[in-house]
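Heads up, the thing below is written out as structure tokens.
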Amino acid sequence: MTTVRQRRVEKGTEVSEDQPSEEKNVNPDGTIVSGIKLWNVLSITVGGIAAISLGLLTSVYVATLHENDLWFSNIKEVEREISFRTECGLYYSYYKQMIQASSIQQGLHGLVYDNKTESVRTINILERMNVYQEVFLSILYRILPIQQYLEPVYFYIYTLFGLQAVYVIALYVTSWLLSGTWLSGLLAACWYITNRVDTTRVEFTIPLRENWALPFFAVQIAAITYLLRTHLQPVQERLTLMFVFIATFLFSLTWQFNQFMMLIQALALFILDCFDMLPPAKVTWLYVIQVSALLLVCALQFFNSMILGSLLISFNASVLMARTIQRNLKKGGFCSRLGKLIIHVVSVLCLTLLINKFIKKILHLESDEHIFKFLRAKFGFGATRDFDANLYLCEEAFGLLPLDTFSRLSNTLLFYVYVFVLFLMTIAAVIVAFWNLRGSNQAQFMLKMEECTVTLKPDVAYNLMHTVLFGCLALSTMRMKYLWTSHMCVFASFGLCSTEVWKPVLKCIRLYTSQRMHVIKYSVSIITLLYVSYKFWPGIMDELSELREFYDPDTVELMNWIKSNTPNTAVFAGSMQLLAGVKLCTGRTLTNHPHYEDKNLRDRTKQIYQIYAKRSPEDVYRILRSFGTDYVILEDSICYERRHSRGCRLRDLLDVANGHVMDGLGENEPDLKPSVYPRFCEEIKKNLPSYTTHFTRVFQNKTFHVYRLAKQK
1 MTTVRQRRVE KGTEVSEDQP SEEKNVNPDG TIVSGIKLWN VLSITVGGIA
51 AISLGLLTSV YVATLHENDL WFSNIKEVER EISFRTECGL YYSYYKQMIQ
101 ASSIQQGLHG LVYDNKTESV RTINILERMN VYQEVFLSIL YRILPIQQYL
151 EPVYFYIYTL FGLQAVYVIA LYVTSWLLSG TWLSGLLAAC WYITNRVDTT
201 RVEFTIPLRE NWALPFFAVQ IAAITYLLRT HLQPVQERLT LMFVFIATFL
251 FSLTWQFNQF MMLIQALALF ILDCFDMLPP AKVTWLYVIQ VSALLLVCAL
301 QFFNSMILGS LLISFNASVL MARTIQRNLK KGGFCSRLGK LIIHVVSVLC
351 LTLLINKFIK KILHLESDEH IFKFLRAKFG FGATRDFDAN LYLCEEAFGL
401 LPLDTFSRLS NTLLFYVYVF VLFLMTIAAV IVAFWNLRGS NQAQFMLKME
451 ECTVTLKPDV AYNLMHTVLF GCLALSTMRM KYLWTSHMCV FASFGLCSTE
501 VWKPVLKCIR LYTSQRMHVI KYSVSIITLL YVSYKFWPGI MDELSELREF
551 YDPDTVELMN WIKSNTPNTA VFAGSMQLLA GVKLCTGRTL TNHPHYEDKN
601 LRDRTKQIYQ IYAKRSPEDV YRILRSFGTD YVILEDSICY ERRHSRGCRL
651 RDLLDVANGH VMDGLGENEP DLKPSVYPRF CEEIKKNLPS YTTHFTRVFQ
701 NKTFHVYRLA KQK
């Protein structure tokens, strides 16, 4: 039988029986054993050096992969910029804009009063997008004496690759803090590197917001892990809280999806607090830090309404209010506490929805409605014809996590170890939660059962809940797997090197001794580390020796033509992904772009995309001219798309949204009707009079067709 050992002390802290007491480290005469002290210093030194070394090696590794894949140092500037695909190019364009501005003040003015990102509109880039990192980096580049030695693009990408070192060090430290040995940190870093395909994509999506944000998120998790340790001194606690705040602020500042990630984090804290598994005072501080960091970011983003209307602020406010009202939540017997807990959870959820609804109604907020439409459709709460929701549903990145992911993770033994540790820790958490709910009966139960001991320290409990919730997110949405797989490395390595795992296992099979436990946990960890290194080192070396080169002549030709043959004030329409590159490479004005977190932009994009729908040339011309369009770029890869199946091609989404039947064999919904017009992107190429009246082809290659719009009379 399994029992629980949770020794309670004042202020909601716990004492683990595995923690060495001060008496063990003291000689009979009262002095501290110098040998143990020296060994601890040596261990921390070696572990710290290993952490920094692995972090730097990871940075060099991903930088080399990027160079080898594109031959980045040898290609032209336009090719380098084209390699920043889709929204990556849009974000980098603001860094380039700040670098090329006559002064820092002029660059900031251009961002605050931007009229080139969205035609016929002046928008505040610092409010709409998370680009403070580009602003900071551009200012740093201008004031540092490095212009003669380092090109702006290299300063940018090396900064991102340098953040990978911070990321790996943070993962290493988190695992070390949980297990108490730097060997687990070493294993976590090695697993992160050998599972690179599933833990990061920084080498080919460098400016993506998550590549800025996730290193700070990892630092925040490491700081929270340290904060939740028992017996911290007041000074240590205050410094750690400050560290948590800084990391949370930087994470929030660099990624527009910060509120959703922190909402999951807040849910983890809420669940654990409900079952009395975390110190309440520290949980309160973490709630306050989340809200404070988000409100500070909101102020820096000129009071962005999407932040003010976030579920995170509503949820945290609801939790704090409910805890104030229900002060006796954690008192009474099992049935009493369970009933109070259910009422508490329902109260918090209802209050969250009411506060959020109230804020959104006051602010007239609709910026994030597409996310909730997508979620409702994704989880089967009704089909939708909404163009924006279907655009997300049809993207592979927003689909379920592919099964081959687990096959790759299993090749390094990561997934097997993770499942083993997760299973044991989940059992421990369930037992601890149950006996915490029993309250006063817990002490008697622990006195009777001594054979097997299950402990769950607050820092381990938090990381367990963190990995479970982010695992659910990754399973439902593939794009979010990078939040889970990196923490999977931490959690699996912690379990393999932890007494919390091996001690109850050995006790339950009646083989426990302290020496045997330490021999097993260190030997298994070392064998796993050697196996992973031996098996994957040759593959990493082969990968580093494989040389490729960037090759996209059609896009290069298009960008060069635009720069040479169109005025600087020309306005271009086309796909979101391509237009981000047009802005970066040519500086021309756009009608739409990939940063989709604005309702007006989403409506505008749907209108612009009528160039791929079944619409009359007059309708398309009228729509494009309403946005000031001078040139429209048509892509064969979209017009004749084969990447997606029927029903998920862009033209199909437009047809359904317009009430038209889709092309090709297959079923259509009964109320869809055939369009009286052919598909615009196909018919315009026939040069019929009804089209040439409004559109003149001025550029063509194998991929792109550019048409100039006739001026309105």
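UniProt numbering numbers the first residue of the sequence shown as 1 and each following residue consecutively. Using N, Cα and C, we set each Cβ at its ideal position, and we do this for glycine too. Quick caveat: nothing in here was measured; it's all calculated off a predicted structure.
Beta-bridge partners of Ala299 (DSSP): none assigned.
Listed in chain order, the non-local C-beta contacts of Asn701 below 6 Å within the same chain comprise Asp554 and Glu557, local neighbours out to five positions each way being set aside. The shortest CA-to-CA distance from Ser184 to any of Tyr172, Asn195 and Tyr192 is the one to Tyr172. For Thr159, same chain residues with a beta-carbon under 7 Å away, outside a window of 5 residues either side, are Leu137 in chain order. Setting aside the 5 residues that flank it on each side, Phe374 is surrounded in the same chain by Asp388, Ala389, Tyr392, Leu393 and Phe398, each with a C-beta closer than 8 Å to its C-beta; the list follows chain order. Nearest to Pro215 by C-alpha distance, out of Met662, Arg516, Val571 and Leu483, is Leu483. In the displayed model, Arg516 falls within a helix according to three-state DSSP.
Taken through DSSP and simplified to helix, strand or coil, Ile427 comes out as helix. Take Thr352, set aside five residues on each side of it, and the residues of its chain with a beta-carbon closer than 6 Å to its own are Ser314, Phe315 and Ser318, in chain order. In the three-state reduction of the DSSP assignment, Asp114 falls in the strand class. Annotation for Ala188: Leu171, Tyr172, Ser175, Cys489, Val490 and Ser493 place their beta carbon closer than 7 Å to its own, counting only its chain and skipping 5 residues before and after.
The alpha carbon of Leu241 has as its nearest neighbour, out of Phe270, Trp285 and Leu186, the alpha carbon of Trp285. In the DSSP assignment, Ala573 forms a beta bridge with Val632.
DSSP lists Tyr631 and Thr696 as the beta-bridge partner residues of Arg708.
Beta-bridge annotation (DSSP): Thr589 is paired with Val571. In this structure, the alpha-carbon of Ser73 lies about 21 Å from that of Leu90.
His595 sits in coil when the DSSP states are folded into three classes, being neither helix nor strand. Contact between the stretch 68 to 85 and the stretch 577 to 593 is present, with at least three C-beta pairs closer than 8 Å. Gly581 sits buried, since 16 or more C-beta atoms from the chains shown fall within 10 Å of its C-beta. For the pair Arg642 and Ala613, the CB atoms are not nearer than the 8 Å cut-off. Take Leu296, set aside five residues on each side of it, and the residues of its chain with a beta-carbon closer than 7 Å to its own are Phe249, in chain order. Taking the Cα positions, Val571 is about 6 Å away from Tyr631. Within its own chain, the residues whose Cβ lies closer than 7 Å to the Cβ of Ser675, once the five positions on either side in sequence are excluded, are Lys614 and His660, listed in chain order.
In the structure shown, the three-state DSSP call for Ile509 is coil.
According to DSSP, His660 shares a beta bridge with Lys673. By the 16-neighbour rule on beta-carbons within 10 angstroms, Val41 is exposed.
One alpha carbon belongs to Val468, the other to Trp191, and they sit about 19 Å apart.
Here the stretch 207 to 227 does not lie against the stretch 501 to 519, with fewer than 3 beta-carbon pairs under 8 Å apart. Glu203 counts as buried, since at least 16 other C-beta atoms from the protein chains shown sit within 10 angstroms of its C-beta. Around the C-beta of Met541, fewer than 16 other C-beta atoms lie within 10 Å, and the residue is accordingly described as exposed. Closest by C-alpha distance to Val120, out of Gln712, Thr45 and Phe627, is Phe627. Asn195 counts as buried, since at least 16 other C-beta atoms from the protein chains shown sit within 10 angstroms of its C-beta. Within 10 angstroms of the beta-carbon of Trp502 lie 16 or more other beta-carbons, which makes it buried. Ile193 and Ile264 have their C-alpha atoms some 26 Å from each other. In this structure Leu634 is buried. Its beta-carbon is surrounded by 16 or more other beta-carbon atoms within 10 angstroms.
In this structure, Asp273 is the residue among Asp273, Leu144, Cys681 and Ile608 with its C-alpha nearest to the C-alpha of Asp459.
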